[in-house]
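J.: Counting with the working numbering, you get residues 274 to 364 for the letters of the sequence shown.
By construction, the Cβ of each residue, glycine as well, lies at the ideal position given by its N, Cα and C atoms.
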Amino acid sequence: MPKRVLTGTVVSDKGDKTVVVRVERRVKHPLYGKIIKLSKKYHAHDEANAFSVGQQVRIEECAPISKLKTWTVAGLVGEAKASDLAEAANV
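Structural data, given as structure tokens:
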């Protein structure tokens, strides 16, 4: 079975070898039809502590590493934007 791959923004890099990635998706509200943004946070393994807050990263599903970590960071997609840094500071 193929591994799931998601793209999101790093919102925390305080843990050792761990980053928290917020993945946003856009869905249509079932009753009202308005497009809304839903987000979920994933704890991902970052072996080299290479990623910092605000960066766009790709995460890949893996075997459980700890209680919360079942994802690893597969690579960098884009650099931090000013708006993403401001949002991360408010979270």
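Just checking my contact of His318 with Thr345 at CB under 8 Å: how many whole Å lie between their CB atoms?
T.: Working through the sequence shown from its first residue, we reach residue 318 at position 45. Working through the sequence shown from its first residue, we reach residue 345 at position 72. That pair is a contact at about 5 Å.
J.: Quickly, what does DSSP pair Arg299 with across the bridge? List them, please.
T.: Along the sequence shown, one-based indexing puts residue 299 at 26. DSSP output for Arg299 lists Lys310 as bridge partner(s).
J.: Taking three-plus beta-carbon pairs below 8 Å as touching, is the stretch 291–309 in contact with the stretch 322–332?
T.: yes
J.: Just confirm the distance between the C-beta atoms of Val278 and Ala321, as a whole number of angstroms; I'd bet it's less than 8 Å.
T.: For the purposes of this step, residue 278 is identified with residue 5 of the sequence shown, where counting begins at 1. For the purposes of this step, residue 321 is identified with residue 48 of the sequence shown, where counting begins at 1. That pair is no contact at about 20 Å.
J.: Starting from Thr282, follow the beta strand (DSSP E) in both directions and report where the run begins and ends.
T.: Indexing the sequence shown from 1 puts residue 282 at position 9. Residues Val278 to Ser285.
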